[in-house]
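All residue numbers for the sequence shown refer to our numbering, where the first residue is 35 and numbers rise by one.
For each residue, glycine too, the CB sits at the ideal point set by N, CA and C.
What follows is a short report on a single structure.
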Amino acid sequence: MKIEWAPLRVPLERRMQILVTAFFTSMLLILLSVSFLLVAGSLIYGGLLVRSLMVTYLAYVFVHHKKTQSVVDGNGWMITRTNPLHRHYRDYFPVELVKTAELPATKNYILASFPHGILGTGIGINMGLEISKWLELFPQVRPKLGTLDQHFHVPFMREVLRCWGLVSVSKEALIRMLSKSNDPKHKDNRDGFTSNAVAILVGGAQEAMDSHPGQYILTLKNRKGFVRMAIRTGSSIVPSFSFGEVDIFDQVANPPNSLLRRFQDFVKKLTGVSPLIPVGRGFFNYTFGFLPFRRRIVQVVGAPIDVVKSEHPDSEYVDKVHGQVIEAVEKLFDQYKDKYLENSKSATLVVH
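Below is the structure:
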């Protein structure tokens, strides 16, 4: 294999982008490791005071999550959601955000987001880490990003995720977020925001396993839970498509029914997480490594699909709205692929 080396002389700004991107790419592993070491170290090697404090904190995590689902009601500390380091991460690819319709701050929204890719990088930046562009395009609408509920059971890691605007995709957490009042005078809206928009990567771990450059394979046909949630809370569904998301990483070939895919399916059923083997670039080469490739990601936010609120969604109505979502996602892809994809002629959309 011929290695393509990066040039030795690179502007300082690009070096900073690489370092910040390396941190965020390995973020989950870092947070899990640090959290485990802090808890284990405190309980095993700490004195009475340290152990008591740790046990108290662990009890707090359990009770607080059970009571509030670890939801941060407002935008949180803005310094953790827009700052120069996060902008270096955004500009590495770069990640862009495109608005195609208004999102009035008089209702709440579920952003049905596609594709998942390896990490869900585009939407993670635009609605989690670096929300300045979102706030400019959609004023008074709080951006939130849904992730696995088990992440909020991990001490210390949960606090970081909450600072970045992440929320659990559990039923209880989504109901809490999407049932918030839109009244400007309500106590929850003292920050000047009157709407919540929760992004859900609908395809999840299953869709991530199908992520390969140039291939837009969506897991959507049998995913209707987000539609039921939208109807139950009266939230509009907003289709969102991130062009280029699947191009920043390749992964080891895992075709359906292969040994690797069967192993990934088995682990996913046990844990909810699929063990992917991503292939990217390195610090000093463009051929292999764990860093994502510098490929443009453009998140296009579509027009909201309004629903009729009902505590007990009718299956026929769910199917009708679900069909509208599929149609809207396909329309977004067809309408914008030529503008935002270099290989648009060969790019196709497959909806499973």
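**Message:** Pull the bridge partners of PRO312 from the DSSP assignment, please.
**Reply:** PRO312 pairs with GLN285.
**Status (buried if at least 16 other CB within 10 Å, exposed otherwise) for GLU241** = buried
**Contained beta strand (DSSP E) runs [length at least 3] in the region 95-138, N- to C-terminal order** = 129-133
**C-alpha distance - HIS150 paired with ALA239, whole-angstrom precision** = 8 angstroms
**Request:** Might you give, ordered along the chain, the residues of its own chain that have their beta carbon closer than 6 angstroms to the beta carbon of HIS120, omitting 5 neighbours on each side?
**Result:** LEU163, GLU164
**Message:** ASP225 and SER202 - do their beta-carbons sit closer together than 8 angstroms?
**Reply:** no
**Message:** Quick check: the Cα distance between ARG329 and VAL84, rounded to an integer number of angstroms?
**Reply:** Rounded to the nearest angstrom, the gap between the Cα atoms of ARG329 and VAL84 is 46 angstroms.
**Request:** Report the three-state DSSP secondary structure of ALA381 (helix, strand or coil).
**Result:** coil
**Prompt:** Are ASN109 and THR267 closer than 8 angstroms when you measure CB to CB?
**Reply:** no
**Message:** For ASP321 and PRO247, what's the separation of their Cα atoms in angstroms?
**Reply:** Note on identity: in this sequence residue 321 is Thr, with Asp being the wrong assignment. C-alpha separation (whole angstroms): 15 angstroms.
**Asked** How far does the beta strand (DSSP E) with SER147 in it reach, from first residue to last?
**Response** 143-148
**Prompt:** Is the region 323-338 in contact with the region 123-136, if contact means three or more CB pairs nearer than 8 angstroms?
**Reply:** yes
**Prompt:** Is the beta carbon of VAL352 sitting closer than 8 angstroms to the one on PHE148?
**Reply:** no
**Request:** Return the first residue and the last residue of the beta strand (DSSP E) that GLY180 is part of.
**Result:** It spans 175-181 - the beta strand (DSSP E) in which GLY180 sits, taken as one unbroken run.
**Prompt:** Which residues mark the beginning and the end of the alpha helix (DSSP H) in which ILE157 is found?
**Reply:** 155-158
**Request:** Return the CA-CA distance between GLN298 and ARG262, expressed in angstroms with no decimal places.
**Result:** One Cα belongs to GLN298, the other to ARG262, and the distance between them is close to 28 angstroms.
**Prompt:** Count the other CB atoms within 10 Å of the CB of THR382; is the residue buried (16 or more) or exposed (fewer)?
**Reply:** exposed
**Straight-line gap, VAL355 to ALA287 (C-alpha atoms, nearest Å)** = Note on geometry: alpha-carbon atoms of VAL355 and ALA287 lie some 35 angstroms from one another.
**Message:** Quick check on DSSP: helix, strand or coil for VAL359?
**Reply:** helix
**Asked** What are the boundary residues of the alpha helix (DSSP H) that includes ALA74?
**Response** Counting along the chain, the alpha helix (DSSP H) containing ALA74 begins and ends at 61-79.
**Request:** For PHE318, count neighbouring C-beta atoms within 10 Å of its own C-beta (all shown protein chains included) and say buried if the count is 16 or more, exposed if not.
**Result:** exposed
**Request:** Pull up the distance between the alpha-carbon of LYS167 and that of MET161, whole angstroms please.
**Result:** 9 angstroms
**Opposing strand residues paired with LEU304 [DSSP bridges]** = Note: LEU304 sits in no beta bridge, so no partner.
**Request:** Spatial neighbours of ASN117 within its chain, please: CB distance less than 7 angstroms, with the 5 preceding and 5 following residues excluded, ordered by chain position.
**Result:** Taking C-beta separations shorter than 7 angstroms and ignoring five residues to either side along the sequence, ASN117 has no partners in its chain.
**Proximity of THR59 and PRO326 at Cβ, strictly below 8 angstroms** = yes
**Item:** Segment contact, 8 angstroms Cβ cut-off, at least three pairs: the region 49-66 with the region 167-180
**Value:** no
**Member of MET243, LYS343, LYS219, LEU208 whose CA lies at the smallest distance from the CA of VAL232** = LEU208
**Message:** Please state the DSSP three-state secondary structure of SER204.
**Reply:** coil
**Request:** Tell me where the alpha helix (DSSP H) around ILE265 begins and ends.
**Result:** 259-267
**Nearest neighbour of SER274, chosen from LEU252, PHE300, TYR123, PHE57 [CA to CA]** = LEU252
**Asked** Taking the alpha carbon of MET243 as the point to measure from, which residue in LYS255, ARG296, ASP217, MET191 has its own alpha carbon closest?
**Response** Among LYS255, ARG296, ASP217, MET191, the Cα nearest to that of MET243 is on ARG296.
**Request:** Quick one: residues in its chain with C-beta nearer than 7 angstroms to the C-beta of LEU153, no 5 flanking neighbours on either side, listed in chain order?
**Result:** none
**Asked** Under the rule that 16 or more other beta-carbon atoms within 10 Å means buried, what is TRP39, buried or exposed?
**Response** exposed
**Prompt:** Is it buried or exposed for ARG124, if we count other Cβ within 10 angstroms and need 16 for buried?
**Reply:** buried
**Request:** Under 8 angstroms by Cβ, that's how I've got VAL272 and PRO338 pegged, so tell me the actual separation to the nearest angstrom.
**Result:** 5 angstroms
**Asked** VAL335 by DSSP, collapsed to three states: which one?
**Response** Here VAL335 sits in strand by DSSP.
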